[in-house]
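Residue numbers (this note's numbering): 30 to 276.
All C-beta atoms, glycine included, are put in the ideal place defined by N, C-alpha and C.
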């Protein structure tokens, strides 16, 4: 497990050197799965720009060195399709990106990673899916930015009761497992608590609000999150277990 607040400071290391820093994470708001890391490359590459990397490319997550190691060269990343920072990622862009890297499409198949349980299994699967692509054209994606949702209001069945301040992500399958809510500025004796994604009713993007299935009183009764331990993987795993029981 890893907190988004920690992950967004990780460096990104290609096979031949450092290439940037993770600045954001895009997840699917239906499956709650991390789809892309947004890399800021301006310190490492000439005319550096923001690019996106799929978990499919990951070789290692080194929490000691705070680095994401990816299976590509700096040149391959430099030549990858550029993105418009001011527009959402489209499915058309995803198709171009996946064809460039030779990845199989995660949106073809029954699971969060298509026919596979782990994202890296989609590496080098492009040719196997070309025939399927002609039959099953992809629909719209549901990508959302963690950085954008950080700060969204959390609304219980009764009233607004806090705001999103972090996310907990499973490093194995890149599932977004928890939303961390800070209620200290909203409730007397407020605290930080962890919500499983099963507790989320919907996300209102126009109102910048996350609506949850819990009541105000149930939210207040959830165990408090220890801020000082959000870089402790074992502690984060225990938070996930607690939240699943509460849900």
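Item, Value
"Report all residues from its chain with a CB closer than 6 Å to the CB of residue 98; omit the five preceding and five following residues, and keep chain order.", "42, 88 and 89"
"Quick one: what's got a C-beta closer than 8 Å to residue 162's C-beta in the same chain, skipping five residues either side?", "Summary for residue 162: the model assigns pLDDT 49, below 50, so the residue's position carries little reliability, and this model does not support an answer."
"Distance check for residue 62 and residue 175, CA to CA, integer angstroms please.", "11 Å"
"Classify residue 162 as helix, strand or coil using the three-state DSSP reduction.", "With a pLDDT of only 49 at residue 162, under 50, the local geometry of the prediction cannot be trusted, and the value read off the model is given with reservation. In this structure, residue 162 counts as helix in the three-state DSSP scheme."
"With 16 other CB atoms within 10 Å as the buried threshold, where does residue 263 fall?", "exposed"
"Can you tell me whether residue 186 is helix, strand or coil according to DSSP?", "coil"
"Taking only the alpha-carbon atoms, compute the straight-line gap between residue 130 and residue 104 and give it to the nearest angstrom.", "12 Å"
"Restricting to Cα atoms, I'd like to know which of 199, 147 and 239 is closest to residue 190.", "239"
"Counting C-beta neighbours from all protein chains within 10 Å, is the total for residue 185 16 or more, i.e. buried, or is it exposed?", "buried"
"Comparing alpha-carbon positions, which option in 50, 56 and 124 lies nearest residue 281?", "In the structure as shown, the chain starts at 30 and stops at 276, and residue 281 therefore has no counterpart that could be examined."
"State yes or no: is the C-beta of residue 212 within less than 8 Å of the C-beta of residue 219?", "yes"
"With residue 98 as the anchor, note down where its alpha helix (DSSP H) starts and where it stops.", "Not the alpha helix (DSSP H): residue 98 falls in the beta strand (DSSP E), residues 96–99."
"Less than 6 Å between C-beta atoms, sequence neighbours within five positions excluded: which residues of the same chain meet that for residue 200?", "31 and 90"
"Per DSSP, what kind of secondary structure is residue 60 in: helix, strand or coil?", "coil"
"If you draw a straight line from the C-alpha of residue 124 to the C-alpha of residue 245, how long is it?", "43 Å"
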